[in-house]
Amino acid sequence: MKNVTGARCTLCGKNFPAEPETTVCPECGGILDIEYDYDYIKKQLAEKPLASREERTMWRYMEFLPVIGIGKRPRLRVGCSPLYKAEALGKILGIRDLWIKDDGQNPTASLKDRASAMAVVKAEEAGKDTIACSSTGNAASSLAGNAAAAGLHACIFVPARAPKGKVAQLMMFGAKVFLVDGSYEDTFRISAEAIDRWGWYNRNAAINPYLMEGKKTVSLEIAEQLGFQMPDYVAVSVGDGCTIGGVYKGFKDLFCAGLIPKIPRIISVQASGCCPINTAAAAGTMDWVPQEENTLADSIAVGVPRNPVKALRAIHDSHGITVNVSDDEILAAMRLLGASSGVFAEPAGAAATAGVKKAVETGLIEKNSSVVTIVTGNGLKDTANAIRSAGEPVHIRPEMDDLEKYL
Ligand SMILES: Cc1ncc(COP(=O)(O)O)c(C=O)c1O
Ligand SMILES: [Zn+2]
């Protein structure tokens, strides 16, 4: 890979070769960060400008990605999700310019497809035919779908509380699925032991540094869709912290390659009932403390985050802000996104927008700001909470008299 200069430890700072199976720092166990040769990237972009490219997937940005190629196996179409100018919602929230990046429109309906597509390519590079992960649900269903398309096996560990929609996806994609009676922390631990024992390719996001490189393509797209004019803020919901790390990394890479004039400030949104990263960020410390997982937003119910270092750095280095939202605020944001914009978000997918609303109301961000809110997962994955948010429809007999009562 001519564009990659290595994998640097986020704790001890040592640089290591970026091999397909590179995971954490062999010396101190720290999480690794893939580094690039930005002069090389600039040359590639000068030879083949982005605007001239026909590829309409996340692989459009090859020189920013740690792969040689994407192989010959069939792939799902991941990335290039829409960025909507949300005029009506912007008015409701009182923000001058608001955009919604609807990543629920990825093939398995979440942003995690970006990471899983990357995992499948790296597993092939490593010569593995089985990939495994633990997940609150979406990383798992995206891995199962992307692996199925490429003809690889997926072995999945999810907490038993995972919503039915996500579990249905796993079964439909033919994965070997283990519902773990325990917390996400328990699920992660048993998956790590099993991966060690059976030698599968490890798609656990914090452990595998390549996955964040897939996730960062969401930022590359936002930038290109906005003509490289950066918004003031980008809002994202946070669980393990890999997604926010990826969002920041994408903007940082673009900035270092000279494509954007500034890095947007990142709004880190967590649920009030489970916010270890925001609590640490607000206190100005890297020493986060585990919390209970008390939120209906299952994807971000992560009491022991796996990637706090990259998440906290993303908030700090982007001069970001933190907002915690209650379950009621999340349910209200789901209704707002749906009714004002036709975007259907699962609770964790709507949390970022709940955070934007709250940030405006509490004066954390100015009303004349420009903001991109990322919807990270589709509402069809969790219809129970969707109904809880939007309510039940009216029941009628098939008689006009009955209908008249309501219209
Ligand atoms: C829909 C959705 N939003 C947000 C997140 C948070 O991502 P991370 O755990 O990388 O912080 C997840 C993770 O599962 C998710 O599925
Ligand atoms: Zn190290």
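With the first letter of the sequence shown counted as 1, position 107 gets the number 655 in the working numbering; the numbers rise by one all the way through.
All residues carry an ideal CB built from backbone N, CA and C; glycine is no exception.
All values reported here derive from a predicted model rather than from experimental measurement.
**Message:** Taking only three categories from DSSP, how would you classify T827?
**Reply:** helix
**Request:** Would you list the residues sitting across from C822 in a DSSP beta bridge?
**Result:** Note: C822 sits in a beta bridge opposite A819.
**Asked** G554: which of C790, F799 and P757 sits nearest, CA to CA?
**Response** P757
**Item:** L759 beta carbon near ligand 2 (any heavy atom closer than 8 Å)
**Value:** no
**Asked** Does the distance from the CB of V786 to the CB of I848 come in under 9 Å?
**Response** yes
**Item:** Close Cβ partners of D650 (< 6 Å) along its chain, the five nearest in sequence each way excluded
**Value:** Excluding positions up to five away in sequence, the list reads S629, P630, V891 and V923.
**Item:** Any 3 or more C-beta pairs closer than 8 Å across the stretch 733-740 and the stretch 667-679
**Value:** Verdict: no, contact absent.
**Message:** If contact is defined by three or more beta carbon pairs under 8 Å, each pair taking one atom from either stretch, is the stretch 811-818 in contact with the stretch 768-785?
**Reply:** Yes: at least three Cβ pairs fall under 8 Å.
**Message:** Less than 9 Å between CB atoms is the rule here; does C823 satisfy it with respect to chain D?
**Reply:** Absent from the structure: chain D. Only one protein chain is present.
**Prompt:** Beta-carbon separation of E894 and G925 under 9 Å?
**Reply:** yes
**Message:** Quick check on V891: does DSSP put it in helix, strand or coil?
**Reply:** DSSP places V891 outside both helix and strand once states are collapsed to three, so it counts as coil.
**Straight-line gap, Y632 to I648 (C-alpha atoms, nearest Å)** = 5 Å
**Asked** Bridge partners of S918, per DSSP?
**Response** D645
**Request:** Note the first and the last residue of the continuous alpha helix (DSSP H) segment covering I704.
**Result:** Note, I704: premise wrong, no alpha helix (DSSP H); beta strand (DSSP E) at H701 to P707.
**Message:** By the DSSP assignment, the beta strand (DSSP E) with G762 in it spans what residues?
**Reply:** Run containing G762: none in the beta strand (DSSP E); it sits in the alpha helix (DSSP H), Y758 to K763.
**Asked** T931 lies in the alpha helix (DSSP H); which residues open and close that run?
**Response** T931 to A938
**Request:** Mark V615 as exposed unless 16 or more other C-beta atoms lie within 10 angstroms of its C-beta, in which case mark it buried.
**Result:** buried
**Prompt:** Under 9 Å, do G793 and N855 count as touching if we go by C-beta distance?
**Reply:** yes
**Status (buried if at least 16 other CB within 10 Å, exposed otherwise) for Q777** = exposed
**Exercise answer, beta-carbon shell around ligand 2 heavy atoms below 6 Å** = That query returns the following residues: C557, L559, C560, K562, C573, E575, C576 and G578.
**Asked** Would you report the Cα separation of Y586 and R644, rounded to the nearest angstrom?
**Response** 34 Å
**Item:** Heavy atom of ligand 1 within 8 Å of N894 beta-carbon
**Value:** Just to set this straight, residue 894 is Glu in the shown sequence, not Asn. The answer is yes for E894.
**Message:** Per the DSSP calculation, R556 is bridged to which residue(s)?
**Reply:** N563 and D581
**Request:** Indicate whether the contact test is met: 3 or more Cβ pairs, each with one atom in the stretch 908-917 and one in the stretch 935-942, closer than 8 Å.
**Result:** no
**Message:** What does the alpha-carbon distance come out to for the pair L885 and I808?
**Reply:** Rounded to whole angstroms, L885 and I808 show a C-alpha spacing of 28 Å.
**Asked** Thinking C-beta only, is V920 closer than 9 Å to G642?
**Response** no
**Asked** Can you tell me whether C576 is buried or exposed, with buried defined as 16 or more other CB within 10 angstroms of its CB?
**Response** exposed
**Asked** Counting along the chain, where does the alpha helix (DSSP H) carrying K727 start and finish?
**Response** Here residue 727 turns out to be Leu, not Lys, going by the sequence shown. According to the DSSP assignment, L727 belongs to no alpha helix (DSSP H) but to the beta strand (DSSP E) extending over K724 to V728.
**Prompt:** What did DSSP end up calling I878 once you bin it into helix, strand or coil?
**Reply:** helix
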